[in-house]
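Only one structure is covered here, and it is reproduced in the block below.
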Amino acid sequence: MTIKATYNAKRMTAEQAVALISNGAKIATGLAVSFPPALATALADRVSAGDLRDASIYTMLPPATSAAPILSPDLADHIRHVSLFHGGIERAADAARLDAEGPLLDVLPVQFHQIPRMLTDHVGADTFITTVSNMDANGCFSLGTDADYALALARSGARLIMEVNPAMPYVHGDCMIHVSDVTALVENHVPLCQVPALPRNATDDAIGAIIAAMVEDGACLQMGIGAVPDAVCAALMGHKHLGIHTELLTPGLVSLIRAGVVDNSAKALHPGKSVFTFAMGDQSLYDFIHDNGAVAAHPVEHVNAPHIIAQNDRVLSVNATIQMDLSGACNSEYMNGRQYSGTGGQLDFVRGAYASKGGRSIIACHSTAAKGRISRIVPWLDGPVTTPRTDTHIVVTEYGWADMKGKSLAERARALIAIAHPDFRENLERAARERRILA
1108 MTIKATYNAK
1118 RMTAEQAVAL
1128 ISNGAKIATG
1138 LAVSFPPALA
1148 TALADRVSAG
1158 DLRDASIYTM
1168 LPPATSAAPI
1178 LSPDLADHIR
1188 HVSLFHGGIE
1198 RAADAARLDA
1208 EGPLLDVLPV
1218 QFHQIPRMLT
1228 DHVGADTFIT
1238 TVSNMDANGC
1248 FSLGTDADYA
1258 LALARSGARL
1268 IMEVNPAMPY
1278 VHGDCMIHVS
1288 DVTALVENHV
1298 PLCQVPALPR
1308 NATDDAIGAI
1318 IAAMVEDGAC
1328 LQMGIGAVPD
1338 AVCAALMGHK
1348 HLGIHTELLT
1358 PGLVSLIRAG
1368 VVDNSAKALH
1378 PGKSVFTFAM
1388 GDQSLYDFIH
1398 DNGAVAAHPV
1408 EHVNAPHIIA
1418 QNDRVLSVNA
1428 TIQMDLSGAC
1438 NSEYMNGRQY
1448 SGTGGQLDFV
1458 RGAYASKGGR
1468 SIIACHSTAA
1478 KGRISRIVPW
1488 LDGPVTTPRT
1498 DTHIVVTEYG
1508 WADMKGKSLA
1518 ERARALIAIA
1528 HPDFRENLER
1538 AARERRILA
């Protein structure tokens, strides 16, 4: 058969495609922008009708609007939902059900770079549904914004059902799927979900300026999402020859590429290319990465593996946390007695950046939360340890920065108290003495 004939033979409606999924299936979905709305809605209809039983669905950052049907509380007793990383829709679902009936969602703790193996080897996901670009002349679809764990699942032998959306950018890199490997194709031309930039304030800009001052020309960047990373990017506009090797490609990083600040000329690994494993932002970002040879998407087991990250020199990694204790341990995923986000790739880049020659791993956060009522630097954590104290390198708040490496527990406590909000320093010092960290 010709490539086009193969495509046509596998093309069907969303309802026909999800009918191929068997009872007891373990279904993984595309991450974030690649979550397939038509397939998810058809799947929800089938579950609601009682035609699909004992199935599980594994998601990571699904968009609230397109994921709402399949993650509805009404279906909670009919399909098991496992979250790989909590976002807004998972937090809302948990809150709606937690008090009366227990958590709506199950949580699978896992470092981001291990998700492909976890889903294929340990969970045994047998179905993968995702959104892809239009097919090219060679019969290949690009995974577009999301190479992450998608490539491993698509090549694992799992049932592969793809939603073909012309709005999905055709991205270069190790992110191609051939039509011969696909079980079913569903065409659905809809706008991609967009994530508007969070407004920055003076605190964000103060932290951004502190971090930007640590960045050398020729450094290789990894940035998370949010106002602080955006502030860092804005403060880097005067730099030269920066590189990008990042889990998430954001509009802030794209602005550095557009401005010529990023040219990837100093990178040892993937020189000349801005490398990411997933992208999320506005339409301008999606337009920029479409058929752009200067950017490349690679699977997360490559991008986020610490030994891969370390192959570039002067890697500078910026991530956020919810809490840090006086020894430097970070809780970046648990708040108010419940799961708030997830492990994600924070520890991947904390370790990879520090292992890089001249690299720096930065944990950045506002000194307070809840409009100043709560200190983010605390005597002890309220949740799990996302980044162990032995891995934490540099900590930044709007009051300055502290290097944890080479410091004893007492020295760490003093350094962190010095960059805590002044309103909490006395209590933190008292707690450190009660815990016999300080004499």
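Quick note on the numbering used here: the sequence shown kicks off at 1108 and runs consecutively. From the three backbone atoms N, C-alpha and C, an ideal C-beta is built for every residue, glycine too.
1. Given a cut-off of 8 Å on the beta-carbon distance, is the pair L1138 and L1168 in contact?
2. By the 10 Å Cβ neighbour count, where 16 or more other Cβ atoms means buried, how is V1349 classified, buried or exposed?
3. Which same chain residues, not among the five before or five after I1390, have their C-beta less than 7 Å away from its C-beta?
4. Is it true that the segment 1242 to 1260 meets the segment 1275 to 1289, where meeting means three or more beta-carbon pairs spaced less than 8 Å apart?
5. Could you say which of A1116, V1410, S1482 and H1409 lies nearest to T1428 if we only look at CA atoms?
6. How big is the Cα-Cα spacing for A1121 and S1173?
7. Report the partner residues of S1381 according to the DSSP bridge assignment.
8. For L1488, collect the residues of the same chain with a Cβ closer than 7 Å to its Cβ; drop the 5 residues on either side in sequence, then sort them by chain order.
9. Consult DSSP for D1253 and reduce its assignment to one of helix, strand or coil.
10. For V1402, collect the residues of the same chain with a Cβ closer than 6 Å to its Cβ; drop the 5 residues on either side in sequence, then sort them by chain order.
11. Measure the C-alpha to C-alpha separation of L1178 and R1160 and round it to an integer number of angstroms.
12. Enumerate in chain order the residues of its own chain whose CB-to-CB distance from V1335 is below 6 Å, with the five nearest sequence positions on each side excluded.
13. Would you call the segment 1231 to 1239 in contact with the segment 1122 to 1136, where contact means no fewer than 3 C-beta pairs closer than 8 Å?
14. Less than 6 Å between C-beta atoms, sequence neighbours within five positions excluded: which residues of the same chain meet that for T1113?
15. State whether the segment 1457 to 1468 contacts the segment 1526 to 1543, with contact taken as three or more CB pairs (one from each stretch) at a distance under 8 Å.
16. Starting from the Cα of I1164, find the closest Cα among V1125, G1345, A1342 and L1299 and give me that residue.
17. Going straight from the alpha carbon of I1222 to that of A1412, what length do you get?
18. Give me the Cα-Cα distance between T1166 and T1237, rounded to the nearest whole angstrom.
19. State the start and end residues of the unbroken beta strand (DSSP E) segment that holds L1423.
20. Drop a sphere of 10 angstroms on the beta-carbon of L1535, count the other beta-carbons inside from all chains shown, and report buried for 16 or more, exposed for fewer.
21. Suppose the cutoff is 7 Å on Cβ atoms and the five residues either side in sequence are ignored; what does the same chain contact list for R1198 look like?
22. How many whole angstroms separate the CB atoms of P1406 and A1316, which I take to be in contact at a CB cut-off of 8 Å?
23. Cα-Cα, which of F1383, A1366, I1351 and P1491 is closest to A1375?
24. State the DSSP-derived secondary structure class of M1321, mapped to helix, strand or coil.
25. Could you pull the start and end residues of the alpha helix (DSSP H) that V1457 belongs to?
26. How is R1540 classed by DSSP in three states: helix, strand or coil?
27. Would you tell me roughly how many angstroms separate the C-alpha atoms of A1291 and M1283, rounded to the nearest one?
28. Between I1364, A1373, Y1393 and L1355, which lies nearest to F1383 when the distance is taken from Cα to Cα?
29. Using the C-alpha atoms, what's the distance from T1136 back to P1180?
30. Just verifying my parser: in three-state terms, what is the DSSP assignment at L1349?
Per the coordinate set shown:
1. Numbered from 1 along the sequence shown, position 31 holds the residue referred to as residue 1138. Numbered from 1 along the sequence shown, position 61 holds the residue referred to as residue 1168. Yes, the Cβ-Cβ distance between L1138 and L1168 is below 8 Å.
2. By 1-based counting over the sequence shown, the position of residue 1349 is 242. The sequence given here has Leu at residue 1349, not Val. Result: buried.
3. Here residue 1390 is taken as the residue at index 283 of the sequence shown, counted from 1. Reading the sequence as shown, one finds Gln at residue 1390 and not Ile. Counting only Cβ-Cβ distances below 7 Å, and skipping sequence neighbours, we find Q1301.
4. Short answer: they touch.
5. Within the sequence shown, the letter at position 321 stands for residue 1428. Considering only alpha carbons, the answer is S1482.
6. Along the sequence shown, one-based indexing puts residue 1121 at 14. Along the sequence shown, one-based indexing puts residue 1173 at 66. Taking the straight line joining both Cα atoms gives about 14 Å.
7. In the sequence shown, counting from the first residue as 1, residue 1381 sits at position 274. DSSP, once it has assigned bridges, lists V1402 as partnering S1381.
8. Locating residue 1488 in the sequence shown gives position 381, counting from the first residue. Once the five neighbours on either side are set aside, the close Cβ partners of L1488 are Q1430, D1432, A1436 and N1438.
9. Residue numbering aside, residue 1253 sits at position 146 when the sequence shown is read from its first letter. D1253 falls in the strand class under three-state DSSP.
10. For the purposes of this step, residue 1402 is identified with residue 295 of the sequence shown, where counting begins at 1. Excluding positions up to five away in sequence, the list reads S1381 and I1396.
11. Within the sequence shown, residue 1178 is the residue found at index 71, counting from 1. Within the sequence shown, residue 1160 is the residue found at index 53, counting from 1. Cα-Cα distance, rounded: 15 Å.
12. Along the sequence shown, one-based indexing puts residue 1335 at 228. Cβ neighbours of V1335 beyond the five flanking positions: D1311, I1314 and A1471.
13. yes
14. The residue given as residue 1113 occupies position 6 in the sequence shown. The answer, listed in chain order, is V1286.
15. In short, these stretches do not touch, since the Cβ pair count stays below three.
16. To locate residue 1164, count along the sequence shown from 1; it is residue 57. Checking every option, the nearest Cα to that of I1164 belongs to V1125.
17. Locating residue 1222 in the sequence shown gives position 115, counting from the first residue. Locating residue 1412 in the sequence shown gives position 305, counting from the first residue. Straight-line Cα distance between these residues: approximately 11 Å.
18. The residue you call residue 1166 lines up with position 59 of the sequence shown. The residue you call residue 1237 lines up with position 130 of the sequence shown. Their backbone Cα atoms lie some 11 Å apart in a straight line.
19. In the sequence shown, the residue the question calls residue 1423 occupies position 316. Per DSSP, L1423 is one residue of the beta strand (DSSP E) stretching across V1422 to A1427.
20. Within the sequence shown, numbered from 1, the residue matching residue 1535 stands at position 428. Counting Cβ neighbours within 10 Å, L1535 comes out buried, since at least 16 surround it.
21. Numbered from its first residue, the sequence shown carries residue 1198 at position 91. The residues are Y1447.
22. Along the sequence shown, one-based indexing puts residue 1406 at 299. Along the sequence shown, one-based indexing puts residue 1316 at 209. With a Cβ gap of about 34 Å, P1406 and A1316 do not count as contacting.
23. Start at 1 with the first residue of the sequence shown, and residue 1375 comes out as number 268. Nearest option by C-alpha distance: I1351.
24. Translated into the one-based positions of the sequence shown, residue 1321 becomes position 214. Coil, per DSSP.
25. Along the sequence shown, read from residue 1 onward, the residue named residue 1457 stands at position 350. Here the alpha helix (DSSP H) through V1457 covers Q1453 to A1462.
26. As a first step, residue 1540 must be located in the sequence shown, where it is residue number 433. In this structure, R1540 counts as helix in the three-state DSSP scheme.
27. For the purposes of this step, residue 1291 is taken as residue 184 along the sequence shown, with counting starting at 1. For the purposes of this step, residue 1283 is taken as residue 176 along the sequence shown, with counting starting at 1. Each residue's alpha carbon lies about 16 Å from the other.
28. As a first step, residue 1383 must be located in the sequence shown, where it is residue number 276. Of the listed residues, the one whose Cα sits closest to F1383 is L1355.
29. The residue given as residue 1180 occupies position 73 in the sequence shown. The residue given as residue 1136 occupies position 29 in the sequence shown. In a straight line, the C-alpha of P1180 is about 18 Å away from that of T1136.
30. Within the sequence shown, numbered from 1, the residue matching residue 1349 stands at position 242. In the structure shown, L1349 sits in a strand (DSSP, three-state: E or B).
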